[in-house]
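Participant: In the numbering used here, the protein residues as written are 124 to 472.
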């Protein structure tokens, strides 16, 4: 039996800097400062603009000093500084916090593309994406609804889903950025089953859950009440659950959406849930753990996480942005990268 080589360094995570006028640089630095104080921490490299990161560091206290890092160089320990792969040279105007620009949004797009390519090539073990402005990215000529759609395009991935995780609750969405009036017609047995499959695969591969228990919500009040309030549960959702069960996936439902997230004895009796549409799942998740929530795109050929908040242009540059979600996003990507590595090592043994 061949013993795989021991890894000499912790996982290397790329963090795309996000819109330079937003809170991305600030929450990255604050998160890095928190992680630097721990005995063990992932190695980080920011894909962005070193001038933007240095300007943000000057407005803060006790954060790692941003320093330039180049492809192929050893990772920089957070106690020594924060490595930045600087791929832009932004003008002073684009560097102004709270003042988004086409130049800054175009650079933010480039940071994502570079980080994704590093993840696909194996240069980094995962990518964490700081917030972008969908509006300004579109103004810069990049017509994607958001990070997930862009990353799926870059990864040549047709089947993917948005998933959100906190300390207690994890939810995957069958439909995401879609007007509510279109949700019912967009639901198919295949879409629901694919979401259950992707979620189960992610929980097993990225988090090491041996046999995930997955709760599946209905679409209608009372999960349709046997067809009285809609038949999507009968026609679409229940058959998808039965097919997942036949494949060995521990999924159950459809559950009445208004009671699905009740915690009995203080905890949920499932590992993750499948919601039919955006607000059905995210109202519960954000109410419970807004500051800790992480956005994960499942189905990509690499690990991708993001803090579950936007650019917050209104508070950018003021030093008051909360880094909790960015810390959680880095920690989730770190755990997922280590779990994937462990599985790969077992397969190679």
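Just so it is clear, CB atoms sit at the ideal spot from N, CA and C, and this is done for glycine as well. Keep in mind the model is a prediction, meaning the values are calculated, not measured.
(1) What are the complete beta strand (DSSP E) segments, minimum 3 residues, inside the segment 258-317?
(2) With DSSP run on the structure shown, which of helix, strand or coil describes residue 412?
(3) Do residue 271 and residue 420 have their CB atoms nearer than 7 Å?
(4) Rounded to whole angstroms, what is the Cα-Cα separation between residue 155 and residue 355?
(5) Whole angstroms is fine: what's the gap from residue 141's alpha carbon to residue 259's?
(6) Tell me the start and end of each unbroken beta strand (DSSP E) in the segment 145-196 that is at least 3 residues and wholly inside, in chain order.
(7) Taking the C-alpha atoms as reference points, what is the distance between residue 135 and residue 169?
(8) Name the two residues that bound the continuous beta strand (DSSP E) containing residue 397.
(9) By Cβ distance, which residues of its chain are closer than 7 Å to residue 436, with the 5 residues on each side in sequence left out?
(10) Tell me which same chain residues have a C-beta within less than 8 Å of the C-beta of residue 150, skipping the five on either side of it?
(11) Across which residues does DSSP place residue 434 in a beta bridge pair?
(12) For residue 382, which three-state DSSP category applies?
(13) Taking just the CA atoms, how far does residue 231 sit from residue 474?
(14) Could you tell me whether any Cβ in chain D is nearer than 7 Å to the Cβ of residue 424?
(15) Taking buried to mean at least 16 other C-beta atoms within 10 Å of its own C-beta, is residue 441 buried or exposed?
(16) Use the C-beta contact count for residue 465: other C-beta atoms within 10 angstroms, 16 or more gives buried, fewer gives exposed.
(17) Taking the alpha-carbon of residue 273 as reference, which of 240, 387, 457 and 292 has the nearest alpha-carbon?
(18) Under a Cβ-count criterion, where at least 16 other Cβ atoms within 10 Å of its own Cβ denotes burial, should residue 392 be classed as buried or exposed?
(19) For residue 418, name the three-state secondary structure that DSSP assigns.
(20) Should residue 251 be labelled buried (16 or more other beta-carbon atoms within 10 Å of its own) or exposed?
(21) Pull up the CB-CB distance for residue 359 and residue 403, whole angstroms please, since I reckon it's below 8 Å.
(22) Would you decide whether residue 124 is buried or exposed? Buried here means 16 or more other CB atoms lie within 10 Å of its CB.
(23) One question on the structure: do residue 187 and residue 159 come within less than 7 Å of each other, judged by their Cβ atoms?
(24) By the DSSP assignment, the alpha helix (DSSP H) with residue 245 in it spans what residues?
Facilitator: Checking against the coordinates, here is how it stands:
(1) For the segment 258-317, the full-length beta strand (DSSP E) segments reaching 3 residues or more read 284-288 and 293-296 along the chain.
(2) Residue state, collapsed to three classes: helix.
(3) Yes; because the gap between Cβ atoms is below 7 Å, this pair is in contact.
(4) It is roughly 46 Å from the alpha-carbon of residue 155 to the alpha-carbon of residue 355.
(5) About 12 Å.
(6) You should have 166-171 and 189-191.
(7) In this structure, the CA atom of residue 135 is about 11 Å from the CA atom of residue 169.
(8) Residue 397 -> beta strand (DSSP E) spans 395-398.
(9) Around residue 436: 144, 145, 221 and 223.
(10) Correct list, in chain order: 253, 430, 444, 445, 446, 448 and 449.
(11) For residue 434, which the question treats as bridged, DSSP gives no partner whatsoever.
(12) In the structure shown, residue 382 adopts coil according to DSSP, grouped into three states.
(13) Outside the shown range of the chain, which is 124 to 472, sits residue 474, and nothing can be said about it.
(14) In summary, chain D is missing from the structure at hand, where a single protein chain is found.
(15) Flag for residue 441 reads exposed.
(16) So residue 465 counts as exposed.
(17) Nearest to residue 273 by alpha-carbon distance, out of 240, 387, 457 and 292, is 240.
(18) Under a 10 Å Cβ-count criterion, residue 392 is classified as exposed, with fewer than 16 other Cβ atoms of the shown protein chains found around its own Cβ.
(19) DSSP places residue 418 in strand when its eight states are reduced to three.
(20) With 16 or more other Cβ atoms within 10 Å, it is buried.
(21) Taking a contact as a CB-CB distance under 8 Å, the pair residue 359 and residue 403 does not count as one, their CB atoms being some 15 Å apart.
(22) Bear in mind that a pLDDT of 34 at residue 124, under 50, signals an unreliable position, so the model cannot answer this.
(23) In contact: residue 187 and residue 159 (Cβ atoms closer than 7 Å).
(24) For residue 245, no alpha helix (DSSP H) run applies, since DSSP gives it neither H nor E.
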